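Following the working numbering from start to finish, the sequence shown increments by one per residue and tops out at 163. Glycine is no exception: its CB is placed at the ideal position from the N, C-alpha and C atoms. Values in this document were obtained by computation on a predicted structure and should not be read as measured data. Heads up: the structure comes next, in structure tokens.
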Amino acid sequence: MTDTAQEEAEMLAWAKDYAQHHGWVLNSDEKQLGTVIRGLVRNRNRFGRPYCPCRLRSGDQEKDRAIECPCVYHRDEIEHQGSCHCRLYFKNP
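Take a look at the structure:
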């Protein structure tokens with residue numbers, strides 16, 4: 071397994087654990103799920119933090135902590151929209 075594949079597998083395992091802990095599920099669309107996981111790993115490797123790949127960084131580390139996965143918006147989005155903006159986490163059906 072390549073380093074990147076290992077990192078993605080670890081990020082996916084972390085996301086699954088986080089979702090289960092909160093009674094949610096991950097996106098069942100494997101392609102979209104993989105895109106988000108790859109984006110999180112890419113951002114962590116590039117910027118040092120797993121910033122949500124669906125949100126724009128400002129470049130200000132303090133402000134950007136709000137969009138570090140899981141971002142500060144995810145609980146409200148899941149509650150009111152059924153999923154977070156990145157469509158990583160979903161309400162359990």
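Pick from the options: whose alpha carbon is nearest that of residue i?
i	options	result
residue 140	122, 117, 113	122
residue 74	112, 138, 136	112
residue 77	107, 91, 98	107
residue 143	129, 124, 130, 118	124
residue 110	81, 147, 148	81
Give the C-beta separation of residue i and residue j to the nearest angstrom, bearing in mind that I take them to be a contact with Cβ-Cβ under 8 Å.
i	j	result
residue 162	residue 84	The Cβ separation is near 18 Å, so there is no contact.
Could you tell me the distance, in whole angstroms, from the CA atom of residue i to the CA atom of residue j?
i	j	result
residue 153	residue 145	9 Å
residue 155	residue 71	30 Å
residue 129	residue 119	12 Å
residue 91	residue 159	12 Å
residue 157	residue 151	10 Å
residue 88	residue 137	16 Å
residue 96	residue 79	14 Å
residue 148	residue 116	27 Å
residue 86	residue 131	26 Å
Taking the runs of the alpha helix (DSSP H) that are 4 residues or longer, which of them lie wholly in the stretch 86-146? 100-117, 131-134
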